[in-house]
Amino acid sequence: MVLSGDGQRLARHVYRGISSGVVVFRREAGTWVYEDVIYPADTDASVNSSFGEVMHFSHDGSVLFVMAPDPYRRVGATEPTYAAIFRRAGRDWVFESTLTALVMPTPSLARLTGGFSADGRRAVVHMGSIVTFDYVGGAWTIAVERSDDGGFPLALSGDGNRLFLGTRMGVRAYTWSGAGWRFDATFAVPASPSFPIALVADRAGSRVAVTSGESPAPTRIHEQAGGAWIVIADRASPLPFRGMDLSDDGSTLAYGGRYGGTGGVPISNSAPVYVHETPSGWSDVGTFTYDDGPSRLTPVTGVVSVSVSADGVVFAMIGGATRVYRDERALGALCNRAPECASGHCAPNPNGYAYCCDVSCEGECADCRSGHCAPHAFPDVCRASRGPCDAVETCAGSLACPPDAVAPAGTTCRAAAGECDLAELCDGSTIDCPEDAVARSGTECRAASGVCDAAEQCSGIAPECPADAARADGTSCSDPGRCDGESRCAAGACIPGAPVECDDGDACTADVCAASGACESAPIAGCCNTDEECDDGDACTRDTCGAHRCDHRDICLDAGAARADGGSLPDASVRVDGGRPRDGGHPRDGGASGAADATIDADAHAAPRTGGSCACRAGIASPPSALTLFVVVALGAFAARRRRVARGLDS
Numbered sequence: 001m002v003l004s005g006d007g008q009r010l011a012r013h014v015y016r017g018i019s020s021g022v023v024v025f026r027r028e029a030g031t032w033v034y035e036d037v038i039y040p041a042d043t044d045a046s047v048n049s050s051f052g053e054v055m056h057f058s059h060d061g062s063v064l065f066v067m068a069p070d071p072y073r074r075v076g077a078t079e080p081t082y083a084a085i086f087r088r089a090g091r092d093w094v095f096e097s098t099l100t101a102l103v104m105p106t107p108s109l110a111r112l113t114g115g116f117s118a119d120g121r122r123a124v125v126h127m128g129s130i131v132t133f134d135y136v137g138g139a140w141t142i143a144v145e146r147s148d149d150g151g152f153p154l155a156l157s158g159d160g161n162r163l164f165l166g167t168r169m170g171v172r173a174y175t176w177s178g179a180g181w182r183f184d185a186t187f188a189v190p191a192s193p194s195f196p197i198a199l200v201a202d203r204a205g206s207r208v209a210v211t212s213g214e215s216p217a218p219t220r221i222h223e224q225a226g227g228a229w230i231v232i233a234d235r236a237s238p239l240p241f242r243g244m245d246l247s248d249d250g251s252t253l254a255y256g257g258r259y260g261g262t263g264g265v266p267i268s269n270s271a272p273v274y275v276h277e278t279p280s281g282w283s284d285v286g287t288f289t290y291d292d293g294p295s296r297l298t299p300v301t302g303v304v305s306v307s308v309s310a311d312g313v314v315f316a317m318i319g320g321a322t323r324v325y326r327d328e329r330a331l332g333a334l335c336n337r338a339p340e341c342a343s344g345h346c347a348p349n350p351n352g353y354a355y356c357c358d359v360s361c362e363g364e365c366a367d368c369r370s371g372h373c374a375p376h377a378f379p380d381v382c383r384a385s386r387g388p389c390d391a392v393e394t395c396a397g398s399l400a401c402p403p404d405a406v407a408p409a410g411t412t413c414r415a416a417a418g419e420c421d422l423a424e425l426c427d428g429s430t431i432d433c434p435e436d437a438v439a440r441s442g443t444e445c446r447a448a449s450g451v452c453d454a455a456e457q458c459s460g461i462a463p464e465c466p467a468d469a470a471r472a473d474g475t476s477c478s479d480p481g482r483c484d485g486e487s488r489c490a491a492g493a494c495i496p497g498a499p500v501e502c503d504d505g506d507a508c509t510a511d512v513c514a515a516s517g518a519c520e521s522a523p524i525a526g527c528c529n530t531d532e533e534c535d536d537g538d539a540c541t542r543d544t545c546g547a548h549r550c551d552h553r554d555i556c557l558d559a560g561a562a563r564a565d566g567g568s569l570p571d572a573s574v575r576v577d578g579g580r581p582r583d584g585g586h587p588r589d590g591g592a593s594g595a596a597d598a599t600i601d602a603d604a605h606a607a608p609r610t611g612g613s614c615a616c617r618a619g620i621a622s623p624p625s626a627l628t629l630f631v632v633v634a635l636g637a638f639a640a641r642r643r644r645v646a647r648g649l650d651s
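Here full-length UniProt numbering is used: the first residue of the sequence shown is 1, the next is one more, and so on.
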């Protein structure tokens, strides 16, 4: 039995004595109605008896590929094996072509098997050799024929580009190269070296189910991951079986047990059908409801045929009575497609699964885990980031995902990979991160850790900062403002030089090392080296320098002359400058002995004296006249007598 991929047509083998045929049904308004019956064009008894035991529909149900495998071929048999193409014309099915191999099968490989693409334009027949037929220009022609690989059975992917052959060494996978089949890989079969008896592939040829003839019948589902085939499920049915089918997307697998017993008498009048599917790992599917199918035809004992539609509706033919099963799942149950749900709605959820829902429940944040459409209650991601500067959207209380937005301007989209690598920032308008860039050449990337450590700079090419390096030996490392001499770098350390000596040889200057590092000499207030430096501009002082200090002495006081305050006048024999008399104590002008010279030496800094008096400074008495002396003497005598009278010494 075979079902078209769209689930709208069903063809089943009918055995009537030595004659067999194929009956085609179509689905109308939820029921199955008879459409046509097809008989073989060949009159050979063996062909007639097995006609329709192997069949394949195109996806849309417009082309039917029928084969007549002969289980009774004998050594030396010469009649051709049979494979034919029928095409639908309205509601009638019309014979189109017989597919005949150029090489006859060997006796040990006489059983016929084959595959058919979903578009109905490629057929592969195993007739001892592997023959590929393509429908080109309205005719079926042999595209390529290859020698036998010792294989049975055979499976062709729905797209017609992947071929799988069962052998005693495993399943051999091939890919169509445009001119022939290119070998890809071999993967093991269950209970090897048992011969595989059933082999099916999904439409893309990325998932394959294979079983052997052991009891219980082990079944493995292989999936291609990169260049390897891995086992994603390992199942077993209680009885060996022949019927097996895989949905187009590879998510639903159905296989049926076969009748047992002796002498062709079945143990029971039915056999089990097992269905497994995923999304969360292969698991058993629940009960199916009966759909009024074509069950009025004569049973065929001893075999169970199973077919799965592309959308997951499962059809099982048990012993001859055809049963059509539909997966009627309750609200909230996990599902892969809408026909599996009683409500007809299978709604995807943000958590990656899908659930049967009461309505279509569209929206990235729609949640139907309860069976009723509602906004997703968790902040799950509803729109993944499409680039480094694209924000991730999460569900926020509505059925729809929030509007797509980019990351704010200034968001780091690529962190710096080194001291000389720049961190790239989003511009707030695009989803892409700016091109990776490094810092400009000359940018300081490591500061100097001391006066003899060099600061490292970026090269403008590499993201890393150059290796740490010291300044060259001999480089000056003197600290401005210090007077410790010229310091030099050596092996990364600053070696101090000899301290600066600041002495200009002048006792009257303070010698210091200035902030610039140069010597400066500042005059010391009141310090002198010569008498000339002590001139205060006063003619009545004698200015001298002694012990680097200036002395300004009054000329009159030096001479001992009488003053108005009771002091003495200068001695005529004493020089005004403290030296010996220039003329031996005799007056130069013939005047009286002891009288001052009428003139004073220029180095005495005194004005000329007249009348033998010292009259340089205000407050110092001039030499008295004769009258003044008389008055003074008289007053002194009078005062003395009064004191004597007062003491009674005189009357």
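We put the beta carbon where it would ideally sit given N, CA and C, even for glycine.
If you look at Glu-520, you'll find it in the beta strand (DSSP E) that goes 519 to 523. With the rule of 3 Cβ pairs closer than 8 angstroms, the segment 80 to 99 counts as touching the segment 130 to 150.
Within 10 angstroms of the beta-carbon of Ser-307 lie 16 or more other beta-carbons, which makes it buried. With 16 or more neighbouring CB atoms inside 10 Å of its own CB, Leu-165 falls in the buried class.
Residue state for Gly-636 is assigned as helix, using DSSP reduced to three classes.
Nearest C-alpha to Gly-546 among Cys-508, Glu-520 and Cys-556: Cys-508. Setting aside the 5 residues that flank it on each side, Arg-369 is surrounded in the same chain by Gly-332, Asn-349 and Tyr-355, each with a C-beta closer than 7 angstroms to its C-beta; the list follows chain order.
CA-to-CA, the gap between Cys-477 and Cys-540 works out to about 59 angstroms. Distance between Val-24 and Gly-158, taken at the CA atoms: about 21 angstroms. Straight-line measurement puts the Cα of Gly-371 at about 38 angstroms from the Cα of Glu-35. For the options Tyr-39, Val-37, Ala-407 and Ser-62, the alpha carbon positioned closest to that of Asp-6 is the one of Ser-62. Taking a cut-off of 8 angstroms for Cβ pairs, the segment 486 to 493 and the segment 443 to 461 touch, as three or more such pairs fall below it. With 16 or more other Cβ atoms inside 10 Å of its own Cβ, Asp-367 counts as buried.
Per DSSP, reduced to three states, the secondary structure at Cys-527 is strand. Just so you know, the alpha carbons of Gly-428 and Arg-414 end up roughly 14 angstroms apart. Between Thr-167 and the set Gly-387, Pro-153 and Ser-117, the nearest pair of CA atoms involves Pro-153. Rounded to whole angstroms, His-345 and Ala-338 show a C-alpha spacing of 5 angstroms.
The segment 175 to 183 makes no contact with the segment 222 to 231: fewer than 3 CB pairs, one atom from each, lie closer than 8 angstroms.
For the options Tyr-255, Arg-203 and Arg-220, the alpha carbon positioned closest to that of Asp-249 is the one of Arg-203.
Following the DSSP letters along the chain, one finds Ala-143 inside the beta strand (DSSP E) bounded by residues 139 to 146. In the structure shown, the three-state DSSP call for Phe-116 is strand.
For the 7 angstroms CB-CB criterion, Ala-514 and Ile-524 do not form a contact. Scanning Gly-352, Gly-387 and Ala-84 for the CA closest to the CA of Val-54 turns up Ala-84. A straight-line Cα-Cα distance of about 50 angstroms links Arg-542 and Glu-486. Per DSSP, reduced to three states, the secondary structure at Ile-431 is coil, with no helix or strand assignment.
Cys-365 is positioned such that its CB atom lies no closer than 7 angstroms to that of Leu-334. Phe-57 is the residue among Val-37, Phe-57 and Arg-26 whose C-alpha sits nearest the C-alpha of Ser-4.
The beta-carbon distance between Arg-440 and Gly-460, rounded to whole angstroms, is 6 angstroms. This is short enough to meet the 8 angstroms contact definition. DSSP places Pro-379 in the coil class of the three-state scheme, outside both helix and strand. In the structure shown, Arg-641 falls within a helical segment according to DSSP collapsed to helix, strand and coil. A straight-line Cα-Cα distance of about 10 angstroms links Asp-468 and Gln-457. Separation of the CB atoms of Leu-422 and Val-438 is rounded to 6 angstroms, and the pair is thereby assigned contact status at 8 angstroms. Between Cys-373 and Cys-382 the beta-carbon gap is near 15 angstroms, outside 8 angstroms, which marks them as no contact. Residue environment: Gly-397 is assigned as exposed (fewer than 16 neighbouring CB atoms within 10 Å of its CB, all protein chains considered). Between the alpha carbons of Ile-230 and Thr-443 lies a distance of about 54 angstroms. According to the DSSP assignment, Tyr-174 belongs to the beta strand (DSSP E) that extends over 170 to 176.
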